[in-house]
Amino acid sequence: MGAVPLNDDDHPTLPQSPFRARLASEVRKKLEEAVRKTGSERVRQLQDLFTDIALEVNTKAEANLYKVNTATIEAKARRRKRSLCYYEVLAEHYFQSPDDAKEIVPLISALWSQYFTFQIFALLLYRWLFETPPVQSDDMLRFNKAFLNGASHVFWIDIQSNAVRFQPLYRYILYDVVLNDARVKEFPAQVDSDLFKLASRFLFFYEHADQLAVLLQTLPDSVRRASWSLPLDIFATEVTNHLQKIKVEPVLLTYLESLRALKGLPLRTTSQIRLQSALYSMTSPGGPLYPPRSVRHASTKTLDTLFPVGKEFRQIISLAFRLLHPYYWPSSFWNFLVTKVQAIWRSSQDIANRLWETFPLRQWQRHVD
């Protein structure tokens, strides 16, 4: 099974255009202004720049970029199922025009102490960094550290808002860098290891759980050799640590469901214990996590799927916990009734549908159709 490449809609190739050059010029001017400013004014300037490059490109502007009519762009947007963002346009520009990238690198380097600088660097220069890497390995390590910081922050922004605005950046890291053997072998081993860990943490948010098999099967040898641990254990460790930091319920449920893809995979004992402990902490109400009911149920199901041994014992402990905390009884009893009624209703519908399919009138209708 090979890696899934980015399609043209996910990774657009933009023609050279005066419009795009003007965008790059505006970015340079805003960075120059940020360097001249101090204190809160500098912070506000960088925050505004970050907001601007993360905005979606409207239809008219995208038509100017591609030099086509708006109808073509609207059709393209429907196929893409998401809007193009300005950071994608600018990242393409800085890759195609590396001299423009080299002009803003010193400006960004002068602003490393500011929070939004790392996000701006990651969004604007990710293609320039990995497709035209610096000759000096020390520079690559320094830039990669800044990139990891910025990319991690923007991915967390997506998690907090349960959006996928920065999915193109993630997919580029995963498919065009981490799973690209010809590219990653050019980087220092530390860079390969760090990028794999970053891709592991956010895989279940941006991709379907099935992509875990793609990641593990097609991981280049240079990435495998970059760490003493096995890739599967590194992945499990990163996801386990990441799981305990997520506070957005829909995202947490997605991760808990996706973790079932680890069933049957040969995790080391230490990785199993760490994952089992993290899941078990989410199965009980109360502190320190205070997980909602949906998270508790999903955690229990994932725990039973991955670690079936001890399932009955865990159920006994859960029952004992409920008996010792009678204030949970009313809500538990009500949820039990609702769950059972819903299950009976679904079963009744299934039975009614099957009976209807065998009814002579229904068979006659199907014959007529």
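With the sequence shown counted from 1, adding 963 to any position gets you this note's numbering. Cβ coordinates follow ideal geometry from the N, Cα and C atoms, glycine included.
- Taking one beta carbon from each stretch, the region 1077 to 1086 and the region 1159 to 1172 have fewer than 3 pairs nearer than 8 angstroms; the two do not touch.
- For Glu-1170, the secondary structure class from DSSP, reduced to helix, strand or coil, is coil.
- The Cβ atoms of Tyr-1057 and Arg-1105 do not sit closer than 8 angstroms to each other.
- Take Ser-1100, set aside five residues on each side of it, and the residues of its chain with a beta-carbon closer than 7 angstroms to its own are Pro-1151, in chain order.
- Glu-1019 is bridged by DSSP to Cys-1048.
- Annotation: the continuous alpha helix (DSSP H) that includes Arg-1105 extends over 1100 to 1124.
- Its Cα nearest to that of Leu-1230, the residue Ser-1192 stands out among Tyr-1253, Leu-1092 and Ser-1192.
- In this structure Gln-1207 is exposed. Its beta-carbon is surrounded by fewer than 16 other beta-carbon atoms within 10 angstroms.
- Ranked by how close their Cα comes to the Cα of Gln-1180, the residues Ser-1247, Pro-1194 and Arg-1188 have Pro-1194 in first place.
- Taking C-beta atoms as the reference points, Phe-1165 and Phe-1093 fail to come closer than 8 angstroms.
- Annotated three-state conformation of Trp-1075 is coil, per DSSP.
- Around the Cβ of Ile-1209, a 10 Å sphere holds 16 or more other Cβ atoms; the residue is buried.
- Our two residues, Ile-1071 and Ser-1124, have alpha carbons roughly 27 angstroms apart in a direct line.
- Taking C-beta separations shorter than 7 angstroms and ignoring five residues to either side along the sequence, the partners of Cys-1048 in its chain run Ala-1017, Leu-1018, Glu-1019, Val-1020 and Arg-1128, following chain order.
- If you check the CB distance, Arg-983 and Leu-1012 do not come in under 8 angstroms.
- Around the beta carbon of Ile-1067, a 10 Å sphere encloses 16 or more other beta carbons of the protein chains shown; the residue is thus reported as buried.
- Secondary structure of Lys-1065 (DSSP, three-state): helix.
- For the options His-1260, Arg-1317, Gln-1010 and Asp-1015, the alpha carbon positioned closest to that of Thr-1302 is the one of His-1260.
- Rounded to whole angstroms, Pro-1183 and Gln-1153 show a C-alpha spacing of 14 angstroms.
- Taking C-alpha positions only, Phe-1110 is separated from Trp-1075 by approximately 11 angstroms.
- Within the same chain, and ignoring the five residues on either side of Glu-995 in sequence, the residues whose Cβ sits closer than 7 angstroms to its Cβ are Leu-1070.
- Inclusion of Phe-1168 and Val-1202 in the CB contact set at 8 angstroms is not warranted, their separation being larger than that value.
- Within a 10 Å sphere around the beta-carbon of Gln-1008 sit 16 or more other beta-carbons, which makes this residue buried.
- Between the alpha carbons of Trp-1308 and Thr-1321 lies a gap of roughly 20 angstroms.
- Here DSSP, grouped into helix, strand and coil, assigns Ser-1244 to coil.
- Non-local beta-carbon contacts of Ala-1172 in its own chain, meaning distances under 7 angstroms to residues more than five positions away in sequence, involve Ser-1221 and Ala-1224 in chain order.
- Cα atoms of Ser-1257 and Val-1006: separation of roughly 39 angstroms, rounded to the nearest angstrom.
- The three-state secondary structure of Ile-1314, taken from DSSP, is helix.
- With fewer than 16 neighbouring CB atoms inside 10 Å of its own CB, Pro-1251 falls in the exposed class.
- Residue Tyr-1050 holds the alpha-carbon nearest to the alpha-carbon of Val-990 among Ser-1046, Tyr-1050 and Phe-1270.
- In the three-state DSSP reduction, Glu-995 falls in the helix class (H, G or I).
- Boundaries cannot be given for Val-1140, as no alpha helix (DSSP H) includes it and DSSP labels it neither H nor E.
- Take the alpha-carbon of Thr-1022 and the one of Gln-1059: they are about 23 angstroms apart.
- The alpha-carbon separation between Val-1304 and Thr-1263 amounts to approximately 21 angstroms.
- From the listed residues Gly-1249, Tyr-1218 and Tyr-1133, the smallest Cα separation to Ala-1199 is found for Tyr-1218.
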